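S.K.:
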Amino acid sequence: MDIVVDKFTRRYGAQRAVDNITFTVKTGEVLGFLGPNGAGKTTTMKAITTFLAPSSGDIMVGPYSVRENPDEVRRLTGYLPETNPLYPEMPVIDYLKFVARIYGIPDKKIPEKIYEMIEVCGLGAEKHKKIGELSKGYKQRVGLAQALIHDPSVLILDEPTSGLDPNQIVEIRELIKRIGREKTVILSSHILAEVEATCDRILIINKGKIVADGSANELRKRAQGKEVLHACIEDADPDQVFAALRELSSIEVVDFLKGKQNYYEIQSRANQSSRRDVFRLCCEKNWFLTEITPLETKLEDVFRELTMN
Amino acid sequence: MKVWVIATRELGSFFDSLMAYIMLVAFLGFSGFFTWLTGADVFFIRQANLQVFFGIAYWTLFFFIPALTMRLLAEENRTGTIEMLLTKPISDWQVVIGKFLSVMLLILIALALTLPYYITVANLGPIDHGATITGYLGLILMSAAYVSIGLFASSISNNQIVAFLLALLISIFFHIIFEVLSYSFTGSIGSILSYLSLSGHFDSISRGVIDSKDVIYFISIAFMGLVSTEAVITRRNAV
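Chains as they are written, first to last, in numbering that gives the first Met the number 0: chain A, 0 to 308; chain B, 0 to 238.
#1: Once you ignore the five residues that flank residue 40 of chain A on each side, which residues in its own chain have a CB closer than 6 Å to its CB?
#2: Taking Cβ to Cβ, would you say residue 290 of chain A is nearer than 9 Å to residue 230 of chain A?
#3: Roughly how many whole angstroms lie between the Cα atoms of residue 216 of chain B and residue 224 of chain B?
#4: Give me the subset of the stretch 29-58 of chain A whose CB atoms are less than 8 Å from a CB atom of chain B, sorted by chain position.
#5: Report the partner residues of residue 157 of chain A according to the DSSP bridge assignment.
#6: Any idea what DSSP makes of residue 149 of chain A, helix, strand or coil?
#7: At 8 Å on the CB atoms, spell out the chain A contacts of residue 4 of chain B, in chain order.
#8: Does the beta-carbon of residue 45 of chain A have 16 or more other beta-carbons within 10 angstroms, so that it is buried, or is it exposed?
#9: Taking Cβ-Cβ distances shorter than 7 Å, what residues in chain A pair up with residue 89 of chain B?
#10: List the whole-angstrom C-beta distance separating residue 53 of chain A from residue 7 of chain A, where the pair is believed to meet the contact cut-off of C-beta under 8 Å.
#11: Just to confirm the assignment: which complete alpha helix (DSSP H) runs, minimum length 4, are found wholly within the stretch 136-202 of chain B?
#12: Assuming residue 2 of chain B and residue 100 of chain B form a contact by the criterion Cβ under 8 Å, report the distance between their Cβ atoms to the nearest whole angstrom.
#13: Give the interface partners of residue 21 of chain A over in chain B, defined as CB-CB distance under 7 Å, in chain order.
#14: Grab the span of the beta strand (DSSP E) containing residue 287 of chain A for me, first residue to last.
#15: Just the Cα atoms here: how many angstroms apart are residue 186 of chain B and residue 149 of chain B?
#16: Out of curiosity, what's the CA-to-CA distance linking residue 184 of chain B and residue 192 of chain B?
#17: Out of A/29, A/25, A/37, A/55, state which residue places its alpha-carbon closest to the alpha-carbon of residue 5 of chain A.
#18: For residue 61 of chain B, I'd like the list of residues in its chain whose CB is within less than 7 Å of its CB, leaving aside the five on either flank, ordered along the chain.
#19: Give a yes or no on whether the C-beta atoms belonging to residue 69 of chain A and residue 82 of chain B are separated by under 9 Å.
#20: Run through the stretch 65-141 of chain B for me and flag every whole alpha helix (DSSP H) of 4 or more residues, listed as ranges in chain order.
#21: Who are residue 228 of chain B's beta bridge partners in DSSP?
#22: Please identify the residue among A/14, A/257, A/276, A/193 whose C-alpha is closest to the C-alpha of residue 170 of chain A.
#23: Check whether chain A comes within 9 Å of residue 0 of chain B, counting only Cβ atoms and requiring the distance to be less than that.
#24: Between residue 81 of chain B and chain A, is there a C-beta pair that is closer than 9 Å?
#25: I want to check one thing, is the minimum distance from the CB of residue 84 of chain B to the heavy atoms of the ligand SAH below 8 Å?
#26: Report the CB separation of residue 17 of chain A from residue 2 of chain A in whole angstroms; it is logged as a contact under 8 Å.
#27: Going straight from the alpha carbon of residue 220 of chain B to that of residue 41 of chain B, what length do you get?
#28: Pick from A/114, A/266, A/37, A/299: whose alpha carbon is nearest that of residue 247 of chain A?
#29: Relative to chain A, which residues along the stretch 4-23 of chain B have a C-beta separation below 7 Å, given in chain order?
#30: Report yes or no: do the stretch 152-160 of chain B and the stretch 68-78 of chain B share at least 3 C-beta pairs separated by less than 8 Å?
#31: Are residue 143 of chain B and residue 103 of chain B closer than 9 Å when you measure CB to CB?
#32: List the endpoints of the continuous beta strand (DSSP E) containing residue 77 of chain A.
#33: Quickly, what does DSSP pair residue 208 of chain A with across the bridge? List them, please.
#34: Pairs of beta-carbons, one from the stretch 135-147 of chain A and one from the stretch 90-98 of chain A, closer than 8 Å: are there three or more?
#35: Along the chain, where does the beta strand (DSSP E) containing residue 232 of chain A start, and where does it finish?
#36: Going by DSSP, which residues form a beta bridge with residue 129 of chain A?
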């Protein structure tokens with residue numbers, strides 16, 4: 000079930016928290032929602048889940064609009080809010096039963112569904128405790144279980160792995176990936192590695208506007224532009240190497256790498272690769288090329304470049 | 000159906016948190032003590048009726064209801080569970096009515112537990128069954144009015160104490176202040192204030208007179224409270 004966000008704007012007073020954003024998420028796609036604090040991620044998610052109404056524009060979940068048929072949208076959507084609010088005085092099973100009944104799951108099917116959720120979310124050992132007695136990681140699992148219990152087509156997760164230990168993070172990521180194969184998932188996170196690991200597509204928003212949209216690789220390529228290499232050339236006079244490298248037509252800038260002997264940083268001209276030329280040069284001069292490493296732009300750098308002004 | 004799911008969850012959490020037991024014990028304790036043991040009790044007035052009990056319950060419910068309603072929405076606002084709830088396929092109205100019903104159910108349980116008083120008094124002498132039934136009806140109607148006021152107070156705050164005090168503050172106008180003020184005014188202001196006062200309406204019902212004017216009075220306060228609560232919940236989307 001596709002999610003279509005169409006010219007969505009949400010104002011708080013005079014301030015535009017989200018300003019005229021448009022994007023589509025397709026079935027089977029896991030979309031990572033990135034942005035600095037206050038960029039409008041949570042507001043957008045609250046609007047998709049019908050908690051907040053759009054100030055203007057519309058959001059469609061499948062054939063239903065959040066304005067016209069909020070009830071249908073809610074039925075199709077599972078939502079884990081950022082703060083993972085739960086009723087601490089309720090036992091886990093009672094809580095899941097309550098949620099299942101609100102979703103209108105027939106009474107006969109409820110025990111089966113609860114059992115399934117306890118399995119899927121790994122709540123077995125803690126199922127009889129009160130929610131308030133659980134550790135943060137287990138509370139997060141209860142939050143996921145309540146979002147999944149009615150088998151939603153669309154899953155909205157606001158920072159699903161916050162507060163979890165590394166093992167749990169891996170488990171939850173696997174879970175999200177598995178769910179993401181047949182459902183439409185939007186998740187937000189501050190952890191870029193996580194988004195890269197779980198999401199097919201990344202959407203970066205800043206100050207309420209979309210600043211980047213694409214897969215992790217696409218974003219990196221777009222931000223990178225020019226190829227940068229680190230090369231180590233031995234058995235030669237550094238100054239000679241430096242001069243010779245500068246002569247090469249595919250190379251724009253050459254620099255010594257600080258603190259490392261015989262290392263050079265080479266920046267190629269736009270849309271050219273200088274790796275072959277460097278290799279040929281070394282062969283010709285009988286220099287010993289021990290290392291040549293293309294530098295990858297990290298997603299962190301892309302993120303910073305797009306969201307810092 | 001979904002209203003019922005909300006109502007039973009709330010009722011369950013009253014019992015889980017001991018609130019329900021405390022309320023029941025305190026309510027039965029106070030009303031039993033003053034009805035049977037001390038002051039102008041049943042034996043003192045030497046009449047086989049429950050007027051004494053209704054007079055006591057009129058005050059105990061006034062204090063207990065804000066304590067029961069204070070948590071209903073204020074706690075949901077504070078912990079953010081309201082967001083979880085309102086993104087489920089359930090309308091704002093269903094949430095409001097469900098919560099309202101949960102407290103009404105608890106009060107009905109409390110009143111049902113006072114039926115032994117009725118049976119005892121009925122054995123002591125010729126009781127006016129009609130007046131007793133309308134007395135209970137009066138308590139139920141009054142509770143509906145105060146529960147809806149308490150629910151409204153709870154909806155606008157995320158602090159239970161604030162919700163409690165605000166509910167008492169609003170209720171005390173209906174409970175006594177309008178009546179006291181009405182003595183000081185003559186003419187139309189006086190009669191408006193006297194109409195707004197809850198005690199007059201309660202007295203006439205608990206004496207056995209069911210006047211549509213009184214019933215409409217209670218139901219309109221309850222209705223106003225619920226409408227305002229719903230408006231507050233929906234306010235998040237007012238831009």
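Glycine is no exception: its CB is placed at the ideal position from the N, C-alpha and C atoms. This one's a predicted model, so the numbers in the text were calculated from it and none came from an experiment.
M.R.: In brief:
#1: Result list for residue 40 of chain A: 32, 34, 187, in chain order.
#2: Judged by beta-carbon spacing, residue 230 of chain A lies within the 9 Å limit of residue 290 of chain A, meaning their Cβ atoms are closer than that value.
#3: Rounded to the nearest angstrom, the two C-alpha atoms are 13 Å apart.
#4: Those residues of the stretch 29-58 of chain A that come within reach of chain B (Cβ to Cβ, closer than 8 Å) are 45, 48, 49, 50, 51, 52, 54.
#5: In the DSSP assignment, residue 157 of chain A forms a beta bridge with A/187.
#6: Correct three-state label for residue 149 of chain A: coil.
#7: Neighbours of residue 4 of chain B on chain A, chain order: 97, 100, 101.
#8: Around the beta carbon of residue 45 of chain A, a 10 Å sphere encloses 16 or more other beta carbons of the protein chains shown; the residue is thus reported as buried.
#9: For the C-beta of residue 89 of chain B, the chain A residues within less than 7 Å are, from N- to C-terminus, 101.
#10: The beta-carbon distance between residue 53 of chain A and residue 7 of chain A, rounded to whole angstroms, is 5 Å. This is short enough to meet the 8 Å contact definition.
#11: Runs of the alpha helix (DSSP H) inside the stretch 136-202 of chain B: 159-171, 177-183, 186-195.
#12: About 7 Å; that satisfies the 8 Å criterion.
#13: Within 7 Å Cβ-Cβ: nothing; residue 21 of chain A doesn't reach chain B, min ~20 Å.
#14: For residue 287 of chain A, the enclosing beta strand (DSSP E) begins and ends at 287-293.
#15: Cα-Cα distance, rounded: 32 Å.
#16: Linking residue 184 of chain B to residue 192 of chain B through their CA atoms gives a straight-line distance of about 8 Å.
#17: Of A/29, A/25, A/37, A/55, the residue nearest in Cα terms is A/55.
#18: Taken in chain order, the residues that qualify are 145, 170, 174.
#19: No, the Cβ-Cβ distance between residue 69 of chain A and residue 82 of chain B is not below 9 Å.
#20: Taking 4 residues as the minimum length, the alpha helix (DSSP H) runs contained wholly in the stretch 65-141 of chain B are 80-85, 91-111, 114-123, in order along the chain.
#21: Partner(s): none; residue 228 of chain B has no beta bridge.
#22: Checking every option, the nearest Cα to that of residue 170 of chain A belongs to A/193.
#23: For residue 0 of chain B, the answer is yes, since a Cβ of chain A falls inside 9 Å of its Cβ.
#24: For residue 81 of chain B, the nearest CB of chain A lies under 9 Å from its own CB, placing it at the interface with that chain.
#25: In terms of ligand content, the structure shown is empty, and the ligand SAH therefore cannot be addressed.
#26: That belief does not hold up - the Cβ atoms of residue 17 of chain A and residue 2 of chain A are roughly 15 Å apart, past 8 Å.
#27: For residue 220 of chain B and residue 41 of chain B, the distance between alpha carbons rounds to 32 Å.
#28: Comparing Cα-Cα distances from residue 247 of chain A to each of A/114, A/266, A/37, A/299, the minimum goes to A/266.
#29: So the close ones are 4, 8, 12, 15, 16.
#30: Touching, per the Cβ criterion.
#31: Against a cut-off of 9 Å, the Cβ pair of residue 103 of chain B and residue 143 of chain B comes out as a contact.
#32: Element bounds for residue 77 of chain A: 76-79.
#33: Residue 208 of chain A pairs with A/205.
#34: Result yes; three or more Cβ-Cβ pairs closer than 8 Å.
#35: Run containing residue 232 of chain A: 227-233, per the beta strand (DSSP E) assignment.
#36: According to DSSP, which records beta bridges pairwise, residue 129 of chain A is partnered with A/90.
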